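Here is the structure we will look at.
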Amino acid sequence: MAENFKGQPRLPDFAAPRHYDIFLKPDLLACIFSGSATITVDVLLPTRFLVLNAADLSIDTASVCLTTTTTISNSISPVSTDVVEEDEILVLQFDSDLPLGQSLLRIAFSGTLNDDMRGFYRSEYEYKGEVKNMAVTQFESVDARRCFPCWDEPAFKAKFKITLEVPSELVALSNMPISEEKIIGDLKTVSYDESPLMSTYLVAIVIGHFDYIQGLTPDGVQVRVYTQVGKTDQGKFALDVALKSLNLYKDYFAVPYPLPKLDMVAIPDFADGAMENYGLVTYRELALLFDEQLSSAINRQDVAITVAHELAHQWFGNLVTMEWWTHLWLNEGFASWVSYLAVDAIFPEWNIWTQFLDKTSSGMMLDALSESHPIEVEIKHANEVDAIFDSISYGKGASVIRMLHSYLGADCFQKALASYIKKYAYANAKTEDLWAVLEEESGEPVKDLMNSWTKQQGYPVISVKMNSNKLHVFQEQFLSDGSSASGTWIIPLTICCSSYENSKKFILTSKSDQLDVDNLILQVGKQETFWMKLNTNQTGFYRVKYDDELAAGLKYAIQADKLSLMDKIGIIDDASALCVACKGSLSSLLSLLDAYSMESDYTVLSWVISVSLKIANVVDDATPDLSDKIKLFLIKLLNSPAEKLGWDVKDGESHLDTMLRAELLMALVRLGNTITVDEGIRRFYIFLNDRNSSVLPPDIRKVAYVAVMQKCTTSDKMGYESLLKIYREADQSQEKMRILGSLASSPDKSIVLAALNFLLTDEVRNRDAVYGLKVSNQGREIGWEWLKENWEYVSKRWVSTPLISGFVKSIVSLFASYEKSKEIEEFFSNRLKPTFERALKQSLESVKTKAHWMEGVRSDESLAEVVSHLVDKA
Ligand code: BES
Ligand code: ZN
Numbered sequence: 001m002a003e004n005f006k007g008q009p010r011l012p013d014f015a016a017p018r019h020y021d022i023f024l025k026p027d028l029l030a031c032i033f034s035g036s037a038t039i040t041v042d043v044l045l046p047t048r049f050l051v052l053n054a055a056d057l058s059i060d061t062a063s064v065c066l067t068t069t070t071t072i073s074n075s076i077s078p079v080s081t082d083v084v085e086e087d088e089i090l091v092l093q094f095d096s097d098l099p100l101g102q103s104l105l106r107i108a109f110s111g112t113l114n115d116d117m118r119g120f121y122r123s124e125y126e127y128k129g130e131v132k133n134m135a136v137t138q139f140e141s142v143d144a145r146r147c148f149p150c151w152d153e154p155a156f157k158a159k160f161k162i163t164l165e166v167p168s169e170l171v172a173l174s175n176m177p178i179s180e181e182k183i184i185g186d187l188k189t190v191s192y193d194e195s196p197l198m199s200t201y202l203v204a205i206v207i208g209h210f211d212y213i214q215g216l217t218p219d220g221v222q223v224r225v226y227t228q229v230g231k232t233d234q235g236k237f238a239l240d241v242a243l244k245s246l247n248l249y250k251d252y253f254a255v256p257y258p259l260p261k262l263d264m265v266a267i268p269d270f271a272d273g274a275m276e277n278y279g280l281v282t283y284r285e286l287a288l289l290f291d292e293q294l295s296s297a298i299n300r301q302d303v304a305i306t307v308a309h310e311l312a313h314q315w316f317g318n319l320v321t322m323e324w325w326t327h328l329w330l331n332e333g334f335a336s337w338v339s340y341l342a343v344d345a346i347f348p349e350w351n352i353w354t355q356f357l358d359k360t361s362s363g364m365m366l367d368a369l370s371e372s373h374p375i376e377v378e379i380k381h382a383n384e385v386d387a388i389f390d391s392i393s394y395g396k397g398a399s400v401i402r403m404l405h406s407y408l409g410a411d412c413f414q415k416a417l418a419s420y421i422k423k424y425a426y427a428n429a430k431t432e433d434l435w436a437v438l439e440e441e442s443g444e445p446v447k448d449l450m451n452s453w454t455k456q457q458g459y460p461v462i463s464v465k466m467n468s469n470k471l472h473v474f475q476e477q478f479l480s481d482g483s484s485a486s487g488t489w490i491i492p493l494t495i496c497c498s499s500y501e502n503s504k505k506f507i508l509t510s511k512s513d514q515l516d517v518d519n520l521i522l523q524v525g526k527q528e529t530f531w532m533k534l535n536t537n538q539t540g541f542y543r544v545k546y547d548d549e550l551a552a553g554l555k556y557a558i559q560a561d562k563l564s565l566m567d568k569i570g571i572i573d574d575a576s577a578l579c580v581a582c583k584g585s586l587s588s589l590l591s592l593l594d595a596y597s598m599e600s601d602y603t604v605l606s607w608v609i610s611v612s613l614k615i616a617n618v619v620d621d622a623t624p625d626l627s628d629k630i631k632l633f634l635i636k637l638l639n640s641p642a643e644k645l646g647w648d649v650k651d652g653e654s655h656l657d658t659m660l661r662a663e664l665l666m667a668l669v670r671l672g673n674t675i676t677v678d679e680g681i682r683r684f685y686i687f688l689n690d691r692n693s694s695v696l697p698p699d700i701r702k703v704a705y706v707a708v709m710q711k712c713t714t715s716d717k718m719g720y721e722s723l724l725k726i727y728r729e730a731d732q733s734q735e736k737m738r739i740l741g742s743l744a745s746s747p748d749k750s751i752v753l754a755a756l757n758f759l760l761t762d763e764v765r766n767r768d769a770v771y772g773l774k775v776s777n778q779g780r781e782i783g784w785e786w787l788k789e790n791w792e793y794v795s796k797r798w799v800s801t802p803l804i805s806g807f808v809k810s811i812v813s814l815f816a817s818y819e820k821s822k823e824i825e826e827f828f829s830n831r832l833k834p835t836f837e838r839a840l841k842q843s844l845e846s847v848k849t850k851a852h853w854m855e856g857v858r859s860d861e862s863l864a865e866v867v868s869h870l871v872d873k874a
């Protein structure tokens, strides 16, 4: 009879849980646990079945008691208890219909504390010189069912009362504060307050040795950061950001933080960056801890953004939860967007909104593939959920929110959000529920506008040209492989002309239009040079392709420093994407880059750098004859700002300059600039002999590591071995990651192989191995051979984690030819698994896109001449 419930995307809704009493007793030595769940179930429709989720659990007993307000009847046992493995459901069948109303379902079960970093798992750490296990949960998206049987869907909200039995010397945390603790011998029973209504994926437990530091928000919410024993200093920065963010969100959402406490814990083995469990947020160590001596500026920024992101979820996600995974983007896109709002308020000097364009750009990159998906995506099976935690849900999601925010205005947007949170608190909402509230607040047709962005895959490129004081605009879908596709978006268009004061807004609803820009043009003073920029400050999720005349105007505006940082970035980002799609030539992209030669801002240069590296990567394959010359031009372009900054930190230097130095030097090393490589190596050996020396601060350490590896060969392995030594001695995750990320960047095949094999040893944590797959173009063949050879082992060790996608993506996307794409496809044809299928398809498509780009580069007839001119001039 369990047959009836197989293959369904969602659980039947004839019964719903209201309250869970969960008891768990983990054995941290044997890595197993036993437990019981007593669930108050509301039977809503006549049924002989209870269907809920369970996976990797052995169900020991199950029974139902009927309750009235005063009595609990004898228990009834099901006539059959079936586990449907492929659907991860537990089907209990009774011999007659269950009475409508509340019953108590009691299930006893047991399971393993796994190594997969999901469900209820173990993580290793060192305590007083001994290796220990801690027990940790990670339930999002669909893994609460691996810890206890439950209705494991976001819309089945219930209250949770957790009780744990653990060794008495350990710290045991859950979502709510402790209500009672009883010590009996070596064990203690810890009970926690009942939670408010919440979804299963937000339940959490952490058990191990920890120290903490704490603070209070102005409203008295207790916030703690838990770290490894003796390391609480590293939690100070995150604690400060957390206290400030909570205060900010309380005002922004106009609702206080919903729980009495918030704990944040650093977990050594952790699959993602962080997880927003209600009241008990878990993090990878490198996303929470900040060490004044060992961490870099970019680490500081990542910690701030991660904390701000997870705390935003406490309202947006936890208090108001998506109704189904189709609306995941509401959670992730929104938390991403609002985290920038918080970080901008706390650290205005970071210019974080300009850096937000990274998100937009990564969303656009993925969404330019035909293997992309709409923001609101149909989910037919639980195993499809993990794959959509991608740049569409995060980057595109956050960007279309920014677009709407800018269209409606900050005040209106905030008011609507506050009423949305109030209206759906402790409940669930769909995308259209948010649009309805925004529509009511603004009076604008939000739903129609936004549907065109969230229900439709892809985004448009708008081609513009001037036609006697009319601006002719034409939209079509932008695809990286240069193909065209139909699709029309409702586009909030902004245009400014020769100054930011002289601007106009339009809504483009059709494929093409003639826009009246007479007034804009008339306002341009006689003395001023004419330029026109669309998509002011890049708030829109679309690209713009200018005709030659308008493009020349913009180049002038860049050189004359007339544009905002975001617009300078937007122009180079659009131009490089158009070039990749063969809708613009490499020679004109290089000339455009040249216009940035006087630039000194971090955010803009950071873009110039990434475009430069993308070009350098493709020219080796595409035009080997010109490749050295092109790299020389790029080196000259980046060298002048790099020389201004030098290698040593200046007193009182800005956060952004510190990050810029690292990026510029790294780019110069990757471009093979001998002076930079040699200086990196020189500093490395001083540092190796004297770790307290100031020649290699954390910010530029990886530059030196990569320089060392670039010169490392089989006959002189000293660099590789020295790096391994530092890796083994380092006890801080950020430092370990810098090393892992450098080891495979040698051009020498046997060193690359040694570095890759090292990733499979037990010196590298499961989670960290993907960080080490940073192979250069010269090493990619050996990387691919290695992946094929080790595939069986790799897939066994990582296939049940989302990390397997990382292995596929990191190696596959290095290639740039149709033949290789075919070969890779064939290799995986009988090895495909749903966990990495999407990643593989997307990576293969990006390989083909690069191959297509190479053809474009080869047919660029003016390239040689333009490059010579640029090199001579620079
Ligand atoms: N809810 C996610 C964590 C998550 C990711 C759970 C994937 C299940 C699958 C969390 O809020 C998140 O988005 N974390 C990010 C960090 C953030 C700063 C973007 C992460 O883990 O990368
Ligand atoms: Zn998130």
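In the numbering used here, the protein residues as written are 1 to 874. Note that beta-carbon positions come from the ideal geometry of N, C-alpha and C, so glycine has one too. In this text, all values refer to a predicted model and were calculated from it rather than measured experimentally.
As DSSP reads the structure, residue 716 sits in a beta bridge with 713. According to the DSSP assignment, residue 27 belongs to the beta strand (DSSP E) that extends over 15–27.
Taking residue 480 as reference, the option from 379, 73 and 363 with the minimal CA-CA separation is 363. A distance criterion of 7 angstroms places the beta-carbon of residue 389 in contact range of the ligand BES, judged by its closest non-hydrogen atom.
Only exposed fits residue 45, as fewer than 16 other CB atoms lie within 10 angstroms of its CB. Residue 462: member of the beta strand (DSSP E) spanning 460–467, first to last residue. Taking the Cα positions, residue 558 is about 7 angstroms away from residue 596. Distance check between residue 270 and each of 404, 77 and 115 places 115 closest, using alpha-carbon atoms only. Here residue 52 is not near residue 24, since their CB atoms are 8 angstroms or more apart. For the ligand BES, no non-hydrogen atom lies closer than 7 angstroms to the CB of residue 382.
The three-state reading of DSSP puts residue 42 in strand, counting E and B together. Per DSSP, reduced to three states, the secondary structure at residue 598 is coil, with no helix or strand assignment.
Inside the stretch 415–501, DSSP marks whole beta strand (DSSP E) runs of 3 or more residues at positions 427–429, 460–467, 470–477 and 491–497, from first to last along the chain. By the neighbour-count definition (other C-beta atoms within 10 Å, threshold 16), residue 529 is an exposed residue. Of the candidates 703, 442 and 332, 332 places its Cα closest to the Cα of residue 388. Secondary structure note for residue 63: its beta strand (DSSP E) is the uninterrupted segment 58–67.
Residue 605 and residue 660 have their C-alpha atoms spaced approximately 8 angstroms apart.
Checking the 7 angstroms criterion, the Cβ of residue 275 is within range of a heavy atom belonging to the ligand BES. In the three-state reduction of the DSSP assignment, residue 278 falls in the coil class.
Judged by beta-carbon spacing, residue 366 lies within the 8 angstroms limit of residue 390, meaning their Cβ atoms are closer than that value. The way I'd put it, the stretch 106–121 does touch the stretch 27–41; three or more beta-carbon pairs between them come closer than 8 angstroms. Contact between residue 431 and residue 327 holds: CB atoms are separated by about 5 angstroms, below the 8 angstroms threshold. Distances from the CB of residue 335 to the heavy atoms of the ligand ZN include at least one below 7 angstroms. Within the model, the alpha-carbon separation for residue 195 versus residue 22 is close to 12 angstroms.
Residue 805 sits close to residue 839, with the two beta carbons spaced by under 8 angstroms. Counting only runs of 3+ residues, the beta strand (DSSP E) found wholly inside the stretch 174–202 occupies 178–184 and 187–192, in chain order. Residue 358 sits in a helix when the DSSP states are folded into three classes.
Three or more beta-carbon pairs drawn from the stretch 805–819 and the stretch 782–794 are found closer than 8 angstroms, and the two stretches are therefore classed as touching. Under a 10 Å Cβ-count criterion, residue 631 is classified as buried, with 16 or more other Cβ atoms of the shown protein chains found around its own Cβ.
Secondary-structure assignment with DSSP links residue 801 through no beta bridge to anything. Secondary structure note for residue 119: its beta strand (DSSP E) is the uninterrupted segment 119–127.
At least one heavy atom of the ligand ZN lies less than 7 angstroms from the C-beta of residue 331. Note that the stretch 212–226 does not touch the stretch 183–194; fewer than 3 beta-carbon pairs, one per stretch, sit closer than 8 angstroms. In the structure shown, the three-state DSSP call for residue 79 is coil. Bounds of any beta strand (DSSP E) do not take in residue 524, whose DSSP letter is neither H nor E. In this structure, the C-beta of residue 327 stays at least 7 angstroms away from each heavy atom of the ligand ZN.
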